Amino acid sequence: MLRYIATRVVSLIPILFIVSLIVFLIIHLTPGNPAALILGQDASRASIHQLENKLGLNEPLFIQYLDWMKKLLTGDLGQSVYSSESVKGIIISHIGPTINLTVFALVLTLLVAIPTAVIAVWKRNTLLDPIFISLSLLGVSIPAFWLAILLVLIFAVTFPIFPVAGYVPLSRNFFNGLYHLFLPAVILACVETGLIARMLRDGMLEAIGQNYTKTARAKGLSESAVLLKHVFVNALIPTTTVVGTMVAGLLGGTVIVETIFTIPGIGQLLIDSIYRRDYPVIQGVILFIAVIYVLVNLLVDLIYTLLDPRIRYN
Amino acid sequence: MLEVNHLKAYIDSSNGLVKAVDDVSFSIKRGETIGIVGESGSGKSVLAQSLMQLNPSPPVFYPQGEILFEGKDLLKKSTKELCALRGNELAMIFQDPLSSLNPIFKVGRQLIEAIQSHKKIAHKQAEAQALQLLSDVGIHQPQQCMKSYPHELSGGMRQRIVIAMALSGEPKLLIADEPTTALDVTIQAQILGLLKQIQLKYKTAIIIITHDLGIVAKLADRILVMYSGKIVEEGTAEDIFYQTAMPYTWSLLRAIPSLKLTRHDRLMSIPGQPPNLVSPPAGCNFSPRCPFATPQCMDTEPELTTAGDHHKKACLLTAQAFEESKHRFEQKQPEEV
Amino acid sequence: MLKKRIWIAAGILIVLLLASVTSSWWLPHSPTHIEATQRLHGISAHNWFGTDHFGRDVFARTIAAAKVSFFIGMAVAFIATVLGTLVGLVSGYYRKVDFIIMRIIDGMMAFPALLLALALVAALGGSMTNIIIALTFANFPQMTRVIRSAVLKVKQLQFIEAAVTTGTGPFTILFRYVLPNVSSPIIVQATFTFAKAILAEAALSFLGLGISPSIPTWGNMLQEAQEYITIAPWLSIFPGIAIVITVLSLNILGDGLRDLLDPHRTKTMQPLKRKTQLKRAKTESTKQEVI
Numbered sequence: 001m002l003r004y005i006a007t008r009v010v011s012l013i014p015i016l017f018i019v020s021l022i023v024f025l026i027i028h029l030t031p032g033n034p035a036a037l038i039l040g041q042d043a044s045r046a047s048i049h050q051l052e053n054k055l056g057l058n059e060p061l062f063i064q065y066l067d068w069m070k071k072l073l074t075g076d077l078g079q080s081v082y083s084s085e086s087v088k089g090i091i092i093s094h095i096g097p098t099i100n101l102t103v104f105a106l107v108l109t110l111l112v113a114i115p116t117a118v119i120a121v122w123k124r125n126t127l128l129d130p131i132f133i134s135l136s137l138l139g140v141s142i143p144a145f146w147l148a149i150l151l152v153l154i155f156a157v158t159f160p161i162f163p164v165a166g167y168v169p170l171s172r173n174f175f176n177g178l179y180h181l182f183l184p185a186v187i188l189a190c191v192e193t194g195l196i197a198r199m200l201r202d203g204m205l206e207a208i209g210q211n212y213t214k215t216a217r218a219k220g221l222s223e224s225a226v227l228l229k230h231v232f233v234n235a236l237i238p239t240t241t242v243v244g245t246m247v248a249g250l251l252g253g254t255v256i257v258e259t260i261f262t263i264p265g266i267g268q269l270l271i272d273s274i275y276r277r278d279y280p281v282i283q284g285v286i287l288f289i290a291v292i293y294v295l296v297n298l299l300v301d302l303i304y305t306l307l308d309p310r311i312r313y314n
Numbered sequence: 315m316l317e318v319n320h321l322k323a324y325i326d327s328s329n330g331l332v333k334a335v336d337d338v339s340f341s342i343k344r345g346e347t348i349g350i351v352g353e354s355g356s357g358k359s360v361l362a363q364s365l366m367q368l369n370p371s372p373p374v375f376y377p378q379g380e381i382l383f384e385g386k387d388l389l390k391k392s393t394k395e396l397c398a399l400r401g402n403e404l405a406m407i408f409q410d411p412l413s414s415l416n417p418i419f420k421v422g423r424q425l426i427e428a429i430q431s432h433k434k435i436a437h438k439q440a441e442a443q444a445l446q447l448l449s450d451v452g453i454h455q456p457q458q459c460m461k462s463y464p465h466e467l468s469g470g471m472r473q474r475i476v477i478a479m480a481l482s483g484e485p486k487l488l489i490a491d492e493p494t495t496a497l498d499v500t501i502q503a504q505i506l507g508l509l510k511q512i513q514l515k516y517k518t519a520i521i522i523i524t525h526d527l528g529i530v531a532k533l534a535d536r537i538l539v540m541y542s543g544k545i546v547e548e549g550t551a552e553d554i555f556y557q558t559a560m561p562y563t564w565s566l567l568r569a570i571p572s573l574k575l576t577r578h579d580r581l582m583s584i585p586g587q588p589p590n591l592v593s594p595p596a597g598c599n600f601s602p603r604c605p606f607a608t609p610q611c612m613d614t615e616p617e618l619t620t621a622g623d624h625h626k627k628a629c630l631l632t633a634q635a636f637e638e639s640k641h642r643f644e645q646k647q648p649e650e651v
Numbered sequence: 652m653l654k655k656r657i658w659i660a661a662g663i664l665i666v667l668l669l670a671s672v673t674s675s676w677w678l679p680h681s682p683t684h685i686e687a688t689q690r691l692h693g694i695s696a697h698n699w700f701g702t703d704h705f706g707r708d709v710f711a712r713t714i715a716a717a718k719v720s721f722f723i724g725m726a727v728a729f730i731a732t733v734l735g736t737l738v739g740l741v742s743g744y745y746r747k748v749d750f751i752i753m754r755i756i757d758g759m760m761a762f763p764a765l766l767l768a769l770a771l772v773a774a775l776g777g778s779m780t781n782i783i784i785a786l787t788f789a790n791f792p793q794m795t796r797v798i799r800s801a802v803l804k805v806k807q808l809q810f811i812e813a814a815v816t817t818g819t820g821p822f823t824i825l826f827r828y829v830l831p832n833v834s835s836p837i838i839v840q841a842t843f844t845f846a847k848a849i850l851a852e853a854a855l856s857f858l859g860l861g862i863s864p865s866i867p868t869w870g871n872m873l874q875e876a877q878e879y880i881t882i883a884p885w886l887s888i889f890p891g892i893a894i895v896i897t898v899l900s901l902n903i904l905g906d907g908l909r910d911l912l913d914p915h916r917t918k919t920m921q922p923l924k925r926k927t928q929l930k931r932a933k934t935e936s937t938k939q940e941v942i
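The following block contains the structure:
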């Protein structure tokens, strides 16, 4: 098992290398001069030149990458062009709201998706199944930002049940914080619920056709015992693999939801930095999210091997 | 003990109604072994699963007939009553022992679950019983086996476990759907021997479903030959093998490779494919593939009629006509080669 | 039932596309015509979806915007499919390059697709071409993965081995033998990519990072509408519904195609005609098959 974890961790190195390369190249292969881009069209040539020197943009690309990488490995993500603070510090100060929002949305997703999928499979020969499929497809087809607009219109403007926007740190007031996060989390959860419930349902339907389900029935187990003990558990294992994808979806979604609800998380930070052309921060945020995603996927993989006895010792 | 009367089991598929089991009747007594033989697609598995009411429904439904188990119709029982019967009085084992066991649970857990589903006994007791069952089915290290996952065991071991699971309720009837098809030949013999032993010990009635005539020849008191959802011949192994009365059975027998064949004998395959059960041919279902079919065979559907003491057949040919056709057929063979 | 679903979804898409492409001939209002006296009017017989803050007809804009969304969606789906198929075929078939290609793909997939697109658009600038490039780059890794795993499955099949043993060249094997057998996942994935691209384009435009605001797109319309959400909610509702209908149709289409093309489903067997049966019975009763 330890050896397996070790090989998995080592296999991350090439992926992280590619990730860093992509993050680096996105900014440096852009048409035009990055310094000019940062400073905008009205910048004087002198100030552009000054910034170029400061950022080391005159060096060959390869040297620039090595320099950047060297700093990266010591945990230095550079400095914001906009506020001169360290990018690391800025990210850390914005990470809290995003974590709260993502975890809340994840919990909501699982709370809704699992029972819905089980009920859909239980009543698979009734009208409930096509309704379930349509709803899950609808969930995937609604743009998050539009759903946000609709829900704000209904639950914050027409019936002022929830706040239109804003964020209260959970540490200051836990319930008020959750209350402010509720609508954003519901919006994020909506898409992911559609995906994961569908995946679980498909997995369960596949498990129902398997011989071990027949054997379980032949033992005389009741339908609920067959569904919950055998079918559900078997379907859950492959479903864990999409939790990684789910986290990616949630992190991508936070960009939009945080902007709409003015939550000071890294999603909003990213958008603000794009407007400000604050490339070091953009780089830092994207790199940070990618690394988080890679680590989540590693965790999911390890959990998967723990859950499925067939691949544990291979 | 079990009596099936005019049972029909149809499948409501997107292509139309599949008449998987079409007016089948038979019965089995305590301690008896019946073999049901047929090609894949002959409806034998659907028939087996109807006896346990394990067919997914929909799409399978039963437009006609009754399955009397100790006088009571299984088709009229509630799900709850059926659950009480399954695993207890009626047990079933399936073709592929790997996929019949849940891959993510240890063998012990699955076996104990089977025991506890019918007897309200403590975990410790159930475990002791599980160990006993495992040694009953010839597993030498039951302790270790309980702690294994299905994929860690050999095919023969797994089938023994499946059998142990089926025996946990000391069933009166054991239905074995292709119990040895997925196994090596040497293991096959062992498993069949085990089934025979069990029968002697528990007085269990066994229904073996298979496409392999060799298996039923060894085990079965009576054999039912199934073709496209119907029983086409029924009799003792003697009757079926030496007094064959139905061209389909005869073709099946001719298709078995045997060590006794000399170089001049030829194995024969049955031409064509099993009929489409959505729209079976008119007349005898076998007529399109039957080497002896007469024009009459294509319009009139044969009934299952008596051909001997316990011997029944569904064929329009008289015994004499059948003998003559066979003779003519064998005469003709050498010239064609 | 399944086929009906597919036809309805495809029908909706075709009608929308045709309506939008021909819109300049039949729309009563121009989507860009400014009517200063008609600002923020609600739904009426004259303006079916109301008017926006410049007095432009929202119905005309919603229909015209479909053109842009469809074009971007199709372009992204097409380019991502071609790229993904080529890379997936090579990667799935050649073990040696597979490792390298897959690490690159893994690296690309470490970014949430929307974020990758965002970063690229931020760097490249928000023109139509750049948006197509960004969305293609964000979506083609997924495509590659799907096709590679399909190729890996097909590669194990006997007929590929047979083709190799008979000396068929790798190019022929890849394009004549492997490609046709992985066409179902390609088609299904392309449909989903189409849907994803439309959603992503709308999201980018909504964030103000998409196509120039002068061009009506659903995302741009929603972005502009946000300011008037409390006084003119129709501005937000109709373009959104248009997105949902389009994307939902695409998803239903993809989902239906996946079910339809799934090789595990038993193929429909046409019942033989009675005459053919009789004929076959006669010929076969006289001609025994001998092994």
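Chains as they are written, first to last, in this note's numbering: chain A, 1 to 314; chain B, 315 to 651; chain C, 652 to 942. Ideal placement from N, C-alpha and C gives every residue a C-beta, glycine not left out. It should be emphasised that the depicted structure is a prediction, and the values quoted were computed from it without experimental measurement.
Self-check item: Spatial distance of Asn176(A) from Ser20(A) (CA atoms)
Solution: Put simply, the backbone Cα of Asn176(A) is about 39 Å away from that of Ser20(A).
Exercise. Apply the 10 Å Cβ neighbour rule to Pro594(B) and answer buried if 16 or more other Cβ atoms are within range, or exposed otherwise.
Key: Buried, by the Cβ-count rule.
Exercise. Compute the Euclidean distance between the alpha carbons of Arg276(A) and Gln268(A), then round it to the nearest angstrom.
Key: Separation of Arg276(A) and Gln268(A) (C-alpha to C-alpha, rounded to the nearest whole angstrom) is 12 Å.
Quiz item: Excluding sequence positions up to five away, which residues of its chain have a Cβ less than 8 Å from the Cβ of Thr614(B)?
Solution: Same-chain partners within the cutoff: Gly597, Cys598, Leu630.
Exercise. Figure out for me which residue from Phe710(C), Ala716(C), Ile824(C) has the closest Cα to the Cα of Tyr744(C).
Key: The shortest C-alpha separation from Tyr744(C) is found at Ile824(C).
Quiz item: Is Asp906(C) close to chain A, meaning its C-beta is less than 8 Å from at least one C-beta of that chain?
Solution: Yes, contact with chain A.
Quiz item: Going along the chain, which residues of its own chain have a beta-carbon closer than 8 Å to the beta-carbon of Val898(C), five neighbours each way excluded?
Solution: Cβ contact annotation for Val898(C) (same chain, cutoff 8 Å, sequence separation greater than five): Ala846, Ile849, Leu850, in chain order.
Quiz item: Leaving out five residues before and five after Thr844(C) in sequence, what residues of the same chain have Cβ atoms less than 6 Å from its Cβ?
Solution: Taken in chain order, the residues that qualify are Ala728, Ala731, Asn790.
Quiz item: Apart from the five residues on each side of it in sequence, which residues of its chain come closer than 7 Å, Cβ to Cβ, to Phe643(B)?
Solution: Within the same chain, Phe643(B) has close Cβ partners Pro605.
Quiz prompt | Beta bridge counterpart(s) of Glu548(B) as assigned by DSSP | solution = Beta-bridge pairing links Glu548(B) to Leu538(B), Lys626(B).
Practice problem: On a CA-only basis, which of Thr608(B), Ala569(B), Ala334(B) is nearest Pro589(B)? Give me that one, please. | Solution: Nearest neighbour of Pro589(B) by Cα position, chosen from Thr608(B), Ala569(B), Ala334(B), turns out to be Ala334(B).
Self-check item: The alpha helix (DSSP H) enclosing Met779(C), as first and last residue numbers
Solution: Run containing Met779(C): 779–806, per the alpha helix (DSSP H) assignment.
Practice problem: For the region 334–345 of chain B and the region 528–544 of chain B, state whether three or more C-beta atom pairs, one from each stretch, are separated by less than 8 Å. | Solution: Three or more Cβ pairs drawn from the region 334–345 of chain B and the region 528–544 of chain B lie within less than 8 Å of each other, which places the two stretches in contact.
Self-check item: Contacts around Arg217(A), its chain only, beta-carbon distance under 6 Å, and the 5 residues preceding and following it disregarded
Solution: A distance below 6 Å between beta-carbons, with the five flanking residues on each side excluded, links Arg217(A) to the following residues of its chain, in chain order: Val226.
Practice problem: Would you check if the region 438–458 of chain B and the region 390–405 of chain B touch, i.e. whether three or more CB-CB distances between them fall below 8 Å? | Solution: No: the two stretches stay apart, fewer than three of their Cβ pairs being nearer than 8 Å.
Practice problem: Ignoring anything shorter than 3 residues or poking outside the region 661–724 of chain C, list the beta strand (DSSP E) runs there in chain order. | Solution: You should have found no qualifying run.
Self-check item: Exposure label - Ala288(B); buried when at least 16 CB within 10 Å
Solution: Here chain B comprises residues numbered 315 to 651, so residue 288(B) is not present and cannot be evaluated.
Quiz item: So Pro130(A) is in the alpha helix (DSSP H); what residue range does that whole segment cover?
Solution: Per DSSP, Pro130(A) belongs to the alpha helix (DSSP H) from 128–141.
Quiz item: In or out: Tyr562(B) buried (at least 16 other Cβ within 10 Å) or exposed?
Solution: For Tyr562(B), the number of other beta carbons within 10 angstroms of its own is at least 16, and it is reported as buried.
Exercise. Give every residue of the same chain whose Cβ lies closer than 7 Å to the Cβ of Ile520(B), excluding the five residues on either side of it in the sequence, and list them in chain order.
Key: So the qualifying residues of the chain are Thr347, Leu488, Ala490, Leu509, Gln513.
Quiz item: Does DSSP classify Lys70(A) as helix, strand or coil?
Solution: DSSP places Lys70(A) in helix when its eight states are reduced to three.
Quiz item: According to the neighbour-count rule (16 or more other Cβ atoms, all chains shown, within 10 Å of its Cβ), is Glu384(B) buried or exposed?
Solution: So Glu384(B) ends up on the exposed side.
Exercise. Over the uninterrupted beta strand (DSSP E) stretch that includes His320(B), give me the two end residues.
Key: Residues 316–327.
Quiz prompt | Residues, ordered as in the chain, of the region 449–483 of chain B that lie near chain A by beta-carbon distance below 9 Å | solution = Against chain A - using a Cβ distance shorter than 9 Å - the residues of the region 449–483 of chain B are Tyr463, Pro464, His465, Glu466, Val476, Met479, Ala480, Ser482, Gly483.
Quiz item: Is Asp202(A) helix, strand or coil when you go by DSSP?
Solution: When DSSP states are grouped into helix, strand and coil, Asp202(A) belongs to the helix group.
Quiz prompt | chain A contact for Ala660(C) (CB, 8 Å cutoff) | solution = Residue-level contact check: Ala660(C) does not touch chain A, since none of the beta carbons of chain A fall below 8 Å from its beta carbon.
Practice problem: Give the residues of chain B in contact with Ile18(A), contact being defined as C-beta atoms less than 8 Å apart. | Solution: Residues of chain B passing the Cβ test: none, with the nearest at roughly 34 Å.
Quiz item: When the distance is taken between beta carbons, is Tyr293(A) closer than 8 Å to Pro763(C)?
Solution: In this structure, Tyr293(A) lies closer than 8 Å to Pro763(C) by Cβ.
Quiz item: Can we say the region 101–115 of chain A touches the region 183–203 of chain A, given the rule of at least three CB pairs closer than 8 Å?
Solution: The way I'd put it, the region 101–115 of chain A does touch the region 183–203 of chain A; three or more beta-carbon pairs between them come closer than 8 Å.
Quiz item: Among residues of its own chain, excluding the 5 on either side of Val140(A), which ones have a beta-carbon nearer than 7 Å to its beta-carbon?
Solution: Closer than 7 Å at the Cβ level, and outside the excluded window around Val140(A), lie Val191, Gly194, Leu195.
Quiz prompt | Residues near Gly265(A) by beta carbon distance below 7 Å, same chain, minus five either side | solution = Cβ contact annotation for Gly265(A) (same chain, cutoff 7 Å, sequence separation greater than five): His94, Pro97, Thr98, Leu101, Thr254, Glu258, in chain order.
Self-check item: Partners in chain A for Leu668(C), counting only beta-carbon separations shorter than 8 Å
Solution: Here the premise fails: no neighbours, minimum Cβ distance about 17 Å.
Self-check item: Own chain partners of Met920(C) with C-beta closer than 7 Å, once the 5 adjacent residues on each side are dropped
Solution: Bear in mind that the predicted position of Met920(C) carries a pLDDT of just 30, short of 50, making it unreliable; the figure below should be weighed with that in mind. Taken in chain order, the list of residues that qualify is empty.
Quiz item: Alpha carbon to alpha carbon, how far is Leu901(C) from Arg796(C)?
Solution: CA-to-CA, the gap between Leu901(C) and Arg796(C) works out to about 21 Å.
Quiz item: Leaving out the 5 sequence neighbours to the left and right, which residues in its chain are closer than 8 Å to Leu538(B) when beta-carbon positions are compared?
Solution: Answer for Leu538(B): Phe340, Ile348, Gly349, Ile350, Val351, Ile545, Glu547, Glu548, listed in chain order.
Practice problem: Verify whether the separation of the beta carbon atoms of Gly357(B) and Leu412(B) is less than 8 Å. | Solution: It is not a contact, given that the beta carbons lie outside the stated cut-off.
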